[in-house]
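Worksheet: one structure, shown below.
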Amino acid sequence: MLSKKMEAALNAQINAEFWSAYLYLSMSAHFAADGKPGFAHWFNTQFSEEQGHALKIFSYIIERGGSVELKPVAKVPQSWKTPLAAFEDTLKHEKEVTKMVHSLVALAKEENDYATESFLKWFVDEQVEEESTAQGYIDALTMIKDNGFGIYTLDKELRSRA
Ligand code: FEO
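The structure is reproduced here in structure tokens:
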């Protein structure tokens with residue numbers, strides 16, 4: 000059985016994952032309107048991944064006999080000056096999510112909740128990948144600067160994300 004404190008923290012994480020999904024869907028809409036279908040597709044895929052993260056926690060709470068509480072999803076930004084700015088926001092946000100995941104692990108340890116600690120390992124690893132991916136695109140876009148052909152080429156590459 001989950002403690003009430005852990006249940007509340009996991010529910011807060013569901014909300015954070017849905018907020019992430021919402022953020023990336025907003026970025027997808029922004030780039031679709033901005034004539035960058037590859038960036039739009041990439042962020043749309045990211046949106047689906049974040050929903051998957053939320054649902055993983057949703058199922059885990061239920062599996063452990065806890066109660067899911069779906070809270071309102073707060074408003075997200077709607078536009079970004081450049082693709083670089085969007086990926087910088089992505090990295091900043093993912094770092095916040097990493098902190099939240101690490102706090103959950105710390106709580107699980109404190110409570111000797113070995114099952115939750117084990118469940119969270121997937122999220123710890125996923126955050127390493129998420130931060131590294133965002134940093135990779137920041138590095139590429141920093142090199143590209145405002146070179147139109149570079150942006151076009153990267154946009155084409157991002158279209159192929161499965
Ligand atoms: Fe689910 Fe991107 O953190």
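Quick note: the sequence shown uses numbering that gives the first Met the number 0, first residue 0, plus one each step. Just so you know, even glycine gets a beta-carbon here, dropped at the ideal spot from N, CA and C.
Do you know offhand how far residue i's Cα is from residue j's?
i, j, result
"V75", "G64", "32 Å"
"A107", "Q126", "18 Å"
"S117", "D145", "44 Å"
"F42", "I61", "29 Å"
"K46", "T115", "Looking at the sequence provided, one finds Phe at residue 46 rather than Lys. Going by the C-alpha atoms only, they are around 25 Å apart."
"I56", "A85", "26 Å"
"K94", "F30", "23 Å"
"A32", "S102", "37 Å"
"N10", "L22", "18 Å"
"M26", "W18", "12 Å"
"E48", "W79", "21 Å"
"T152", "A20", "26 Å"
"D154", "Q77", "20 Å"
"A7", "L1", "10 Å"
"E109", "K3", "14 Å"
Let me know if residue i comes out buried or exposed under the rule of 16 or more other beta-carbons within 10 Å of its beta-carbon.
i, result
"P71", "exposed"
"M5", "buried"
"E16", "buried"
"K98", "exposed"
"F148", "exposed"
"K35", "buried"
"A161", "exposed"
Find out if the Cβ-Cβ distance for the pair residue i, residue j is shorter than 8 Å.
i, j, result
"P162", "I13", "The first residue shown for the chain is 0 and the last is 161, placing residue 162 beyond what the model contains."
"V100", "V67", "no"
- Query: Are at least three pairs of beta-carbons, each pair with one atom in the stretch 128-136 and one in the stretch 87-102, less than 8 Å apart?
  - Reply: yes
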